[in-house]
Every structure is written in structure tokens, then in C-alpha cells.
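Chains as they are written, first to last, in the working numbering: chain B, 1 to 157; chain G, 1001 to 1157; chain L, 2001 to 2157; chain A, 3001 to 3157; chain D, 4001 to 4157; chain H, 5001 to 5157.
By construction, the Cβ of each residue, glycine as well, lies at the ideal position given by its N, Cα and C atoms.
The structure under discussion appears below in the form of C-alpha cells.
Protein chains: 6
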Amino acid sequence: MTTLTHFSEDGRPVMVDVTDKAVTRRQAVAEGAVVMAPETLDRLKAGTAKGDVASVAILAGIIGGKKTSDLIPLCHPLPLTKLDLRIEPDEALPGVRITATAVTDGKTGVEMEALTAVTVAGLTVYDMLKAADRGMTIGGVRLVSKSGGRSGDWRRD
Amino acid sequence: MTTLTHFSEDGRPVMVDVTDKAVTRRQAVAEGAVVMAPETLDRLKAGTAKGDVASVAILAGIIGGKKTSDLIPLCHPLPLTKLDLRIEPDEALPGVRITATAVTDGKTGVEMEALTAVTVAGLTVYDMLKAADRGMTIGGVRLVSKSGGRSGDWRRD
Amino acid sequence: MTTLTHFSEDGRPVMVDVTDKAVTRRQAVAEGAVVMAPETLDRLKAGTAKGDVASVAILAGIIGGKKTSDLIPLCHPLPLTKLDLRIEPDEALPGVRITATAVTDGKTGVEMEALTAVTVAGLTVYDMLKAADRGMTIGGVRLVSKSGGRSGDWRRD
Amino acid sequence: MTTLTHFSEDGRPVMVDVTDKAVTRRQAVAEGAVVMAPETLDRLKAGTAKGDVASVAILAGIIGGKKTSDLIPLCHPLPLTKLDLRIEPDEALPGVRITATAVTDGKTGVEMEALTAVTVAGLTVYDMLKAADRGMTIGGVRLVSKSGGRSGDWRRD
Amino acid sequence: MTTLTHFSEDGRPVMVDVTDKAVTRRQAVAEGAVVMAPETLDRLKAGTAKGDVASVAILAGIIGGKKTSDLIPLCHPLPLTKLDLRIEPDEALPGVRITATAVTDGKTGVEMEALTAVTVAGLTVYDMLKAADRGMTIGGVRLVSKSGGRSGDWRRD
Amino acid sequence: MTTLTHFSEDGRPVMVDVTDKAVTRRQAVAEGAVVMAPETLDRLKAGTAKGDVASVAILAGIIGGKKTSDLIPLCHPLPLTKLDLRIEPDEALPGVRITATAVTDGKTGVEMEALTAVTVAGLTVYDMLKAADRGMTIGGVRLVSKSGGRSGDWRRD
């Protein structure tokens, strides 16, 4: 079994040395969802007329995605060139689906930036609706695809 | 249907005015999980001998929980007096279960602090194991219980 | 002439010692404006149908106001209990008027929090419209009123 | 009328995708002023002998300019290679004039960095003198010139 | 041997639970020094005529002290009511001596705030003089005294 | 005597203009120590069985090193590609020795990143052991070597 990349031989946590990796175009797409009571989703959609929960959460996700290396201890700082979030209501959940696409030209990937953007957006949806529904669940936060870098492309089946 | 608390009558996003609320003991417990391939969980457990994924993720969760009002746009700043995280392997998932307990004496609750701590810990678990398993999912992030404040106690059934 | 409060006798910058001041209710209202070409204001108002410049700027102002003690070197950290921003189009400028109200119970005032919220909101309006109009001016950023604390109430004539 | 660059077709706030833009030398100059009572300006100038308001404000402006992408929600992170602030007393205002020059090699401009540096410096001047004069106004915050990038050079007439 | 306060029984890092501690006046004084070549100290002193290394470092120390709970993972957030730094040249070192006094009314002490302010000030002195002298050493960073709290007063002999 | 690089001709603090410097591989190694009572070192080593002081401090140092340009006012933002910390007990001190290696490809050096990582790790060691020993001293924080850039290589004799 190979060792974990974020620990040295002697067990110290390490920021992986990416100094000698090539700068290439890196992209990652992540997704997640906030599952809520049907009436909470109605409230979110009705609320949109007066103040838009999704817009606030999208903005929070963008700001959060830019803070990724500040939040995830062993993450490298990376200047994102694109960070695009979408939040769509889904009656079948019921709740909202969140998708984030992050892109940069860098020496390491942007999976954590996409995942962080999704979770911060999800937490913000929770915050704005929690007075109505404390039982909401944030879930299904996962990578959809990544491209670029030595490990190549990856796509969830 | 009542309006959303985080928007004004005319639809502006607002930080809820808590000026006249009483300072009371506030506690919140949140939970979540990172689901992974069985061999990734083995790796995490084997890795613990050489460098502890759970310790790094707990620390990240504590740091993240302290940043809650910086991450969630309409959250009030609150000085936490306790923030306690646990991460336990669970073969049945397979993966790890994360729990966070946040406490303060304040004018508003600490649900978002507990939920933020759980998600940042979950993202950090993902980051440290992603070279082995990109398919992990962070999910089941939800409030377990809260106490204190005008809205009283709440417990997930 | 009295000395400046933010320097010691020997000229060192100091954070004013507020240890022995009483905790009282502190409120401050600040205002400012972004002046723009008439067609830029039309664009902002038309844009509102598709994406709301004012909502993004309000959110930025709230987040910025919470960061005040991080931005203004000699400002004390203060946990705001209310931070309310308004942005209104004004054909007469032409442009938008921004108002912020900050409240806390603390040992020192919240004037800087209200002023910081207004300026960050103004900068965000500029950022979102700058592709259309680089000539916009942010101005008239000033305190409208304050209350609480030993220096008492103050109101712009 | 063209749509706003910071919103998608369907009205979501977006960080503009600059992935495919060329890295070029970007420069921006911004200016602003703090207008104050004549005796406050005297105090600032006299104060300079014992502790320098302008130096503290310049430093705050530099620190603030480095935080631009943290303050302005849809701003890209950019590593500045130069950030130079000047603060000059001007009896005619009366008050101080603030100028900031920001430079980087990047895919997007540094106008917001220069403007943010000016406003944080202005807020810091206000903070340090507010005990003497609550009526000061921060104004005239605007871009003087920019160069670099696809949109080319721009200079205020 | 007693266990370490920052680890749980089972070895998890924990933020110490201070929920039930009394709010009392807390003060801490810390000190440190930057030792440098005699000609570097001359340069610092000569430089003071044109731009003041000590003022910049004092300001950096104050800003850094306010960030303590953001830097030290298991530190509680505490709103400082006083943070006072002094930097004095000392020919005998040769170099500068740095002292910081931090005060708050809180449930836990401010030793880390005073120590963090001293080290950030020391690092800033190094940064400003490093082009002249890369061999400087920051040392002797230690607590001088603390008062308040259950553990009572402490003073270095 | 040459002027200080961080001040302009007229004494303003400046971020050095590195716009026209070449991007080269930059490396810096820094070291420091925390000196403590022999029984505190025993406690640290015994504690390692239950919860690892060194791991927490290493993580804090990595996070702190990434925040360097946020802490040191005139430091340029730099995206580190490697940041590696080691903490070793040393009976002879008695205490722990801390070493940090920082690397990037950039226009300016990473000495401050390495030194900041060492000091934040040292402060964190202090924080975790202070309940047992308030008399610990952080010292000997200094540059060991640097390479890259116009000023060339440097190594402590």
C-alpha cells in the first residue's frame, strides 16, 4: 500500500512539493445538494421574488472558493481564473442542486476549490433557511470531473 | 407564508438584527460523513500509524469553525468558548463520521459554527485522501441538536 | 492643541485603551454614493431584472463591515449585532446612494464599521459596472450620526 | 444594451472567466481625498511630528490593496508586484489627497486593487482623526488611468 | 504526569472548553528582541529620519495580535481592549527590544496575543532590514507577566 | 549608507517594486527553537503518545507561512509550491528545534515565508504547553540559507 501524499516518511503533515510540476490548464467540476422539506423549497422559490437565496449562496460559494487554501491546511494557494456556481431547485430531492466549475493554469489541481465552493454555498443556503427548517441536510458533495495535470483526466462514472 | 429572515421587506439581504436578544448559553451539535472505498478507509487507518488524517482534519475543522462569520455572509461574529470535533472510522459506510459541538454565550446560535466545522473537516479528509480515491462523497451534513435562545431547544428525531 | 488619540506621547501608533470604558449600546449610520454616467445607471437598473448589482454590493458591504478591525489597523474588534445596508438609485446624481447602519453593545463605537461597509459596497458597485463606465466616482462617504459612549450622540447638521 | 459582465445570461453573479486572456503588464492609478476642517488638517500636520497619520494610512492602504480579492466578491486574486501609495496634505480642500499605483503581470486588471488601497487609506485617515472631527468626508475616489489588457489604455480626461 | 490541556483523553486536538470560566480582566506582557549587526542598527536609527522601521513594525504587531486566534489553531477568539507595543533600540544587543501588553475582559488569557504581537513585529523588523543584513536573529520571545483568571498571576523571576 | 529598501526617498513605507525582476526558483530555509524546562520536554514527548504537539505546530506553521503576505505589511503575495516544516526534540536545549523550507517560482524571495512558518509553529508549541510551563522562550529564529534572485545565494556561516 502506498503512503499518503500529505505525510512525510516519518509521519509529519506536509504540503506536497509541486515545485517541479508543469503549469497546465486545470479544471474541476464538483456538485452537492441541500435536501429540505417540500414547504422549505416552496419558501425558497417564493422568497426568490423578494430576495434571492440562490444569488447570496452563489456569491458565498465564490468567496469561499477563493479562500480554499486558507481553509484546507495542506492546500496550495492557486489564483483561480474562473469559478462558476449554479444552484437549481429540484422538486425530486426536494431541495437545491449546487454545481461549481473551477479553472486555473497552475502546478496543481483545483478540485478542492470546486468542492469548497459547493460546500460554502450549501452552508449559506442552510443559514438563510434555517429559521424555517432546521432539519435540512447537505449531502452528495463530490467531484464530477477533473482535467489537467500529471494524473490526467477523471470523470465520475 | 412568513418571509425569510435574511431578507428585508423589499428583498435586500440583511444580517438579522440581534441587538435586543438576550445573551444566553448556546450549544449546537452537527454531524456529517465522508464515504469512501473500503480500501481508502484501510489506507486512512493504516496511515494513522505514520501520520494522522483525523488529527489534521479535526484541526482544520476547529480553524474553519472559528472562521464561520467570515465564510457565511449573513452570519454574526461569535466568540466560541468550546469547539470540539470527533472523527471516527465506520466500516459500515465505509468511511468516517464527523461530529462537532460548538458552545458560546451569545445573542444568537452556533448552528452554523458546528456545521462549518464539520464540512471543513470533511473537505480536509477529502484533500488528504484524494490522491488515492477521487470518488469520495461528503454527505449527511446536518444539525443534530441545538439549545439556548428564544427558539428554544431542537433535536433531530 | 490636544494630541492625536492614536499615538502615544512618544509618537508610537497605539490601539486606544478602552479597557475601562463601559459597555453601552453603540449605533452609527454612514452614507456615500457612486456617481456614474446616466446610461450606466440605466444599465444598473435594467440589469436588476437579470442580476442585481445592488444585492451583490449590499452583501459585499456586510462582509466588509465584519472585517473592519482586520482592515483598519488601530480599530478594536467588535462583534456587530446589526449591520443593515441600503442602496438606492438616484437619477439626480446620477448614480446610487448607499447607507449603512451598524449596532453593537460594546466599549467603543461602530463608526468605522458603518463607513467600511459603505465603501466596500461602493467599490463593489464600481467593480460590477466598470466594464461599462471606468469614470465612476465614489464620494460623499461620511458619518450621518452616532450614538452611545462617553462622547455622546453626534449628528451631521 | 449589452449585459453586465458580472452576471450570467440567467442572472447569476459570476466571476468573469479570464482563463483564455493573455498575461500582460497591468497598471492602474487611482485617487481620492479626505476633506476635513482646516484645524483638523493643522492637527494632522502638527501630529506628524509625533506620530505620522499618513504613514499609518499608507501602510493600511497597502495591506488593504493586497486583500482586494477578499473584499470584492467577484474580483480575481492577483499577486501585485507593485503597490505604491502617496498621501499629501492640500490646504485647498482642506484635507489630504491619496494616490495609489498598482502593477502586476496578469490576466486581468488591477483597477480594483488601486481603488481599494485608496479607500482603505482614506478610512484609516478618518479613524485616526475622528476623535477631533467626525464630520470628515471621503470622496473623489476614482480611477486616474489604467494600461494593459484587451480593453487597452484608459485615462481620465 | 498530567495530560496536556489541548488534547482529549483519546489524543484529539481540542480547543479547551472555557464556557464555564468567569469573565475577568486579563493582562499579559511579552517581550522579544531582534539582534543585528551594529551597522544595521545604525541604519535603522538613521532610517528613522526618513521612514520609521519601528512604527511599521509596531503597526504590524498590533494587526498581528488581533489575528492571534486565526494563527494559533487552538486559541480562542478574544476581543482585545488594549494592545500596546514598544520597540526600543539597544546598543548592547545590538538590535531592538520589543514589548507588548495585551488586555481584555474575557474567559481566557491573552498571553498568546502578546506573544504573537511581539513575533509579528520582530518578523517585520527583519523584513524591512533584510536587504542590509540577512543574518539577524529574532529571539528571547517570552512571557514577562500575566494576571487574571483561575491560574492567577505569574511573573518571570 | 544606502537607504532602506522599504521606504521611498521621502520616507513613505513602500512595497518594493518587483515588477521587472525575473521569475526564478526561490528557496529559503529558516530555523528557530522553543526552549523549555526539562520536564516540559518530557511532557511533550510523553504527550506524543496521546496527541502530537509537533504535528499541530507543523500544521500551524504551514498555515501561517501561507498567510505571510497578510501578516508582514510590505511583503509581496507569493504562491508557495513547497513549505516543509520539521520539529525535533533536543535534550541539549532542552526543547524543540524547528526548521522550515519554503520554495516558489517568483519575482521575490521566500525568506519571510520560511521565517513566519517557524515563528507560528513556535508560538503554537508555546500555546499547547503553556499550562505546564509559562517560562518557555522562543528564540534563535533566523535564516539558514536562501537561493535564487538577483541577490544570489546566501548561507549562514
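Best match in the options for proximity to residue i [C-alpha to C-alpha]
| i | options | result |
| --- | --- | --- |
| Ile138 of chain B | B:Val103, B:Ala114 and B:Ile98 | B:Ile98 |
| Ala5028 of chain H | H:Thr5081, H:Ala5131, H:Pro5089 and H:Val5120 | H:Thr5081 |
| Ala4100 of chain D | D:Ala4057, D:Gly4148 and D:Thr4040 | D:Ala4057 |
| Glu88 of chain B | B:Leu44, B:Met128 and B:Ser69 | B:Leu44 |
| Arg1025 of chain G | G:Lys1146, G:Met1015, G:Leu1071 and G:Val1141 | G:Lys1146 |
| Arg1155 of chain G | G:Leu1074, G:Glu1111 and G:Thr1119 | G:Glu1111 |
| Ile5072 of chain H | D:Ala4022, D:Lys4067, D:His4076 and D:Gly4135 | D:Lys4067 |
| Asp1010 of chain G | L:Arg2086, L:Asp2157 and L:Gly2109 | L:Arg2086 |
| Pro4094 of chain D | D:Leu4004, D:Thr4005 and D:Glu4039 | D:Glu4039 |
| Asp105 of chain B | A:Met3015, A:His3006, A:Val3023 and A:Ser3008 | A:Val3023 |
| Ala2046 of chain L | A:Leu3004, A:Leu3123, A:Lys3107 and A:Ile3062 | A:Leu3004 |
| Lys4107 of chain D | D:Leu4123, D:Met4136 and D:Gly4148 | D:Gly4148 |
| Leu1123 of chain G | G:Ser1069, G:Leu1059 and G:Val1016 | G:Leu1059 |
| Ile63 of chain B | B:Ala117, B:Asp52, B:Val125 and B:Asp17 | B:Ala117 |
| His5076 of chain H | H:Ala5131, H:Met5136, H:Asp5017 and H:Ser5008 | H:Asp5017 |
| Ala2131 of chain L | A:Gly3061, A:Arg3150 and A:Ala3131 | A:Arg3150 |
Distance between beta carbons of residue j and residue i, contact taken as under 8 angstroms
| i | j | result |
| --- | --- | --- |
| Glu1113 of chain G | Ala1121 of chain G | Between Ala1121 of chain G and Glu1113 of chain G the Cβ distance is about 13 angstroms, and since that is not below 8 angstroms, they are no contact. |
| Val1096 of chain G | Ala1030 of chain G | 15 angstroms between Cβ atoms; not a contact. |
| Asp2127 of chain L | Met2036 of chain L | About 13 angstroms; that fails the 8 angstroms criterion. |
| Val4141 of chain D | Leu4115 of chain D | 6 angstroms |
| Leu1083 of chain G | Gly1065 of chain G | 5 angstroms |
| Leu3074 of chain A | His3006 of chain A | 5 angstroms |
Outcome for residue i when other beta-carbon atoms lying within 10 angstroms are tallied against a minimum of 16
| i | result |
| --- | --- |
| Pro13 of chain B | buried |
| Gly3152 of chain A | exposed |
| Asp20 of chain B | exposed |
| Asp1157 of chain G | exposed |
| Leu2041 of chain L | buried |
| Asp5070 of chain H | buried |
| Asp4175 of chain D | Outside the shown range of chain D (4001 to 4157) lies residue 4175 of chain D, about which nothing can therefore be said. |
| Ala1092 of chain G | exposed |
| Ala4054 of chain D | buried |
| Met4015 of chain D | buried |
| Met1001 of chain G | The predicted position of Met1001 of chain G is uncertain, since its pLDDT is 42 and thus under 50; a value taken from the coordinates is nonetheless stated next. Burial call: exposed. |
Residue i beta carbon near the ligand ATP (any heavy atom closer than 6 angstroms)
| i | result |
| --- | --- |
| Glu111 of chain B | For the structure depicted, the ligand ATP is absent and the ligand set is empty, with no information on it obtainable. |
(message) Which runs of the alpha helix (DSSP H) at least 4 residues long sit entirely within the region 3002–3075 of chain A? Give them in chain order.
(response) 3038–3047, 3053–3066 and 3068–3071
(request) Identify every run of the alpha helix (DSSP H) within the region 4075–4150 of chain D, keeping only runs that are complete inside it and at least 4 residues long; order them along the chain. (result) 4111–4129
(message) Beta carbons nearer than 9 angstroms to chain D: which residues of the region 1083–1096 of chain G have them?
(response) Answer set for the region 1083–1096 of chain G: Leu1083, Asp1084, Leu1085, Arg1086 and Ile1087.
(request) Taking a Cβ distance cut-off of 7 angstroms, strictly less, list which residues of the region 3049–3078 of chain A are near chain H, in chain order. (result) Ser3055, Ile3058, Leu3059, Ile3062, Ile3063 and Lys3066
(message) Can you pull out the residues from the region 5104–5124 of chain H whose beta carbon lies closer than 7 angstroms to at least one beta carbon of chain A?
(response) Lys5107
(request) Give the residues from the region 5127–5150 of chain H that approach chain D closer than 8 angstroms (Cβ to any Cβ), ordered along the chain. (result) Asp5127, Met5128, Leu5129, Lys5130, Ala5131, Ala5132, Arg5134, Gly5135, Met5136, Thr5137, Ile5138, Gly5139, Gly5140, Val5141, Arg5142, Leu5143 and Lys5146
(message) Along the region 2001–2028 of chain L, where does the CB come closer than 7 angstroms to a CB of chain A? Name the residues.
(response) Met2001, Thr2003, Leu2004, Thr2005, His2006, Phe2007, Gly2011, Arg2012 and Pro2013
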